[in-house]
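Heads up, the thing below is written out as structure tokens.
Chains as they are written, first to last, in my numbering: chain E, 10 to 250; chain G, 10 to 250.
Structural data, given as structure tokens:
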């Protein structure tokens, strides 16, 4: 991720620069280049960065796109629409794959809020990337566009580390088949006592219970809870007798 | 996509409601539910919606999360951190797959800017979804979080339609192998005339040229351009003789 820079060209609203910095830091990116921003630095950028001020402080401010990408080996420009001369076009996921696979010094270039990148700027890009918005309402907010690309870069980065992208740390081990079987046997016995089970067709009900509890992937504590509940019904039944 | 609603709980900043509406409309979502928003409607929401005002106008404002999700069959809540009782947890891509696969009436629930969803609210969700941010700076802007989920829903929606997600409409047909071969033969002849080719080891140079032009996937107009260039060198050579 440290070989990837985000380049914002001629940004009008400093709030968008702050939003871009926040999105970058959330997703593990650090290198921001600003080509002739209208207003920078600015309190509004700091405020919207919401703690990602280090990225703003380290931002490289230059006059031209050429300077921002001079040492880049792969330059990908965001483009909202088809251009006069077609250009190699990828979606954000493909762009992220390309960047990680090639391990090149890479830049993602984002244009002006109202007009995007000029044709000349787009022609300096090896690839164009298009976020697949609906045609009738296609223009994303600048910070939102940075968020989507940064998110795809992070998803790919995590996938390459071969780690689960998000992992729930379950606090109790999963129940074994044996534990589940005992619980179901206990359940069947209780349901016979309570006369919930129709002795003529007991199996289908139990099959549905089995399906339910297997689908839920019970943990051992939950099996214990269910067993405790069944035992409490047993005791009730004992009292009645 | 019309079975999916976005639910924002107790949003403080109306600008974030507007940003969420814009992100939704960009990605083809339409149904917004607002649970007890601090300020709504508001000019700031309208301004940040940037044309997605229809989504704000049709937003359903309710007092409680229960009302917002009453008729939902699948409820997915955004969660920044691990909770006391672990809950089934997915990443945004898995969440989008689930929603499209099951075709259920679904809700994505987003919490407050500062504190997210309460434990009680999270327990009303079938699944929790976590956007895989870096641990040391994990809190996304609300609009940015809606953008990421809406983007994944759209990516999945487009994938299911079996259409290319983004497609560059190339304006000229790709060159055939035959056209490429003729061009390479022409090139070799010209390079011999200009004495660029070493007659002792001509093949490796031509192999590299072949690799280059095949990799570039030349179109027929480009082959024509290259042939024209080579012919112009032929003519120059004729004059010299």
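Think of the CB as a built atom: it goes at the ideal place given N, C-alpha and C, for glycine as much as any other residue.
Going along chain E in order, which residues have a C-beta closer than 7 Å to the C-beta of residue i?
{"i": "residue 163 of chain G", "result": "141"}
{"i": "residue 152 of chain G", "result": "153"}
{"i": "residue 31 of chain G", "result": "150"}
{"i": "residue 167 of chain G", "result": "141"}
{"i": "residue 60 of chain G", "result": "146"}
{"i": "residue 156 of chain G", "result": "153, 156, 157"}
Taking residue i as part of the alpha helix (DSSP H), name the residues at either end of that continuous run.
{"i": "residue 26 of chain G", "result": "23-35"}
{"i": "residue 155 of chain G", "result": "151-169"}
{"i": "residue 227 of chain E", "result": "Run containing residue 227 of chain E: none; DSSP gives neither H nor E here."}
{"i": "residue 54 of chain E", "result": "52-58"}
{"i": "residue 202 of chain G", "result": "186-202"}
{"i": "residue 65 of chain G", "result": "62-66"}
{"i": "residue 133 of chain E", "result": "From DSSP, residue 133 of chain E is part of no alpha helix (DSSP H); its letter is neither H nor E."}
{"i": "residue 10 of chain E", "result": "Looking at the DSSP string, residue 10 of chain E is not in any alpha helix (DSSP H), and its letter there is neither H nor E."}
{"i": "residue 176 of chain E", "result": "That residue, residue 176 of chain E, is in no alpha helix (DSSP H); it is neither H nor E in DSSP."}
{"i": "residue 95 of chain G", "result": "Neither: residue 95 of chain G is in no alpha helix (DSSP H) and is coded neither H nor E."}
{"i": "residue 101 of chain G", "result": "101-111"}
Find out if the Cβ-Cβ distance for the pair residue i, residue j is shorter than 8 Å.
{"i": "residue 135 of chain E", "j": "residue 98 of chain E", "result": "no"}
{"i": "residue 18 of chain G", "j": "residue 162 of chain G", "result": "no"}
{"i": "residue 21 of chain E", "j": "residue 122 of chain E", "result": "yes"}
{"i": "residue 12 of chain E", "j": "residue 76 of chain E", "result": "no"}
{"i": "residue 226 of chain G", "j": "residue 181 of chain G", "result": "no"}
{"i": "residue 155 of chain G", "j": "residue 15 of chain G", "result": "yes"}
{"i": "residue 118 of chain E", "j": "residue 73 of chain E", "result": "no"}
{"i": "residue 153 of chain E", "j": "residue 237 of chain G", "result": "no"}
{"i": "residue 38 of chain G", "j": "residue 70 of chain G", "result": "no"}
{"i": "residue 47 of chain E", "j": "residue 146 of chain G", "result": "no"}
{"i": "residue 116 of chain G", "j": "residue 157 of chain G", "result": "no"}
{"i": "residue 65 of chain G", "j": "residue 55 of chain G", "result": "yes"}
{"i": "residue 78 of chain E", "j": "residue 133 of chain E", "result": "yes"}
{"i": "residue 96 of chain E", "j": "residue 95 of chain G", "result": "no"}
{"i": "residue 202 of chain G", "j": "residue 246 of chain G", "result": "yes"}
{"i": "residue 68 of chain E", "j": "residue 148 of chain E", "result": "no"}
Give me the chain G residues within the contact set of residue i, using Cβ-Cβ distance strictly less than 9 Å, ordered along the chain.
{"i": "residue 243 of chain E", "result": "Result: empty, since nearest Cβ-Cβ is about 27 Å, beyond 9 Å."}
{"i": "residue 23 of chain E", "result": "Per Cβ cutoff of 9 Å: no residues; residue 23 of chain E is ~15 Å from chain G at best."}
{"i": "residue 230 of chain E", "result": "Here the premise fails: no neighbours, minimum Cβ distance about 10 Å."}
Can you give me the start and stop residues for the beta strand (DSSP E) that residue i sits inside?
{"i": "residue 40 of chain E", "result": "40-44"}
{"i": "residue 83 of chain G", "result": "83-87"}
{"i": "residue 139 of chain E", "result": "Note, residue 139 of chain E: premise wrong, no beta strand (DSSP E); not H, not E."}
Which same chain residues end up closer than 7 Å to residue i when comparing Cβ atoms and leaving out the 5 residues on each side of it in sequence?
{"i": "residue 243 of chain G", "result": "199"}
{"i": "residue 3 of chain E", "result": "For chain E, the structure presents residues 10 to 250; residue 3 of chain E sits outside this window and is missing."}
{"i": "residue 160 of chain E", "result": "36"}
{"i": "residue 31 of chain E", "result": "57, 58, 59, 61"}
{"i": "residue 53 of chain E", "result": "23, 24, 27"}
{"i": "residue 141 of chain E", "result": "100"}
{"i": "residue 111 of chain G", "result": "83"}
{"i": "residue 80 of chain E", "result": "114"}
{"i": "residue 196 of chain E", "result": "218, 239"}
{"i": "residue 49 of chain E", "result": "23, 26, 43, 70"}
{"i": "residue 241 of chain G", "result": "none"}
{"i": "residue 210 of chain E", "result": "none"}
{"i": "residue 10 of chain E", "result": "37, 38, 162, 166"}
{"i": "residue 45 of chain E", "result": "19, 72"}
Give the DSSP bridge partners of residue i, in chain order.
{"i": "residue 15 of chain E", "result": "E:41, E:117"}
{"i": "residue 71 of chain G", "result": "G:44"}
{"i": "residue 125 of chain E", "result": "E:121"}
{"i": "residue 214 of chain E", "result": "According to DSSP, residue 214 of chain E bridges with nothing at all."}
{"i": "residue 183 of chain E", "result": "E:228"}
Residue i versus chain G: which residues are under 8 Å apart at the beta carbon?
{"i": "residue 248 of chain E", "result": "Simply none; closest approach about 33 Å."}
Take residue i and list the residues in its own chain whose beta-carbon comes closer than 6 Å to its own, dropping the five residues that flank it on each side.
{"i": "residue 82 of chain G", "result": "113, 114"}
{"i": "residue 174 of chain G", "result": "167"}
{"i": "residue 105 of chain E", "result": "161, 162, 165"}
{"i": "residue 189 of chain E", "result": "none"}
What does residue i reach in chain E if we use C-beta pairs closer than 8 Å?
{"i": "residue 36 of chain G", "result": "142, 143"}
Report all residues from its chain with a CB closer than 8 Å to the CB of residue i; omit the five preceding and five following residues, and keep chain order.
{"i": "residue 193 of chain E", "result": "215, 218, 219, 222"}
{"i": "residue 131 of chain G", "result": "86, 88, 92, 96, 137"}
Anything in chain G within Cβ reach of residue i, meaning under 7 Å, just list it in chain order.
{"i": "residue 174 of chain E", "result": "100, 141"}
Under the criterion of a Cβ to heavy atom distance below 7 Å, does residue i qualify as lining the ligand NAP?
{"i": "residue 33 of chain E", "result": "The ligand NAP is not part of this structure, which contains no ligands at all."}
Below 9 Å on C-beta distance, what does residue i contact in chain E?
{"i": "residue 205 of chain G", "result": "Simply none; closest approach about 27 Å."}
So residue i contacts chain A; which residues on that side make the cut at Cβ distance below 7 Å?
{"i": "residue 42 of chain G", "result": "You won't find chain A in this structure, because its protein chains are E and G."}
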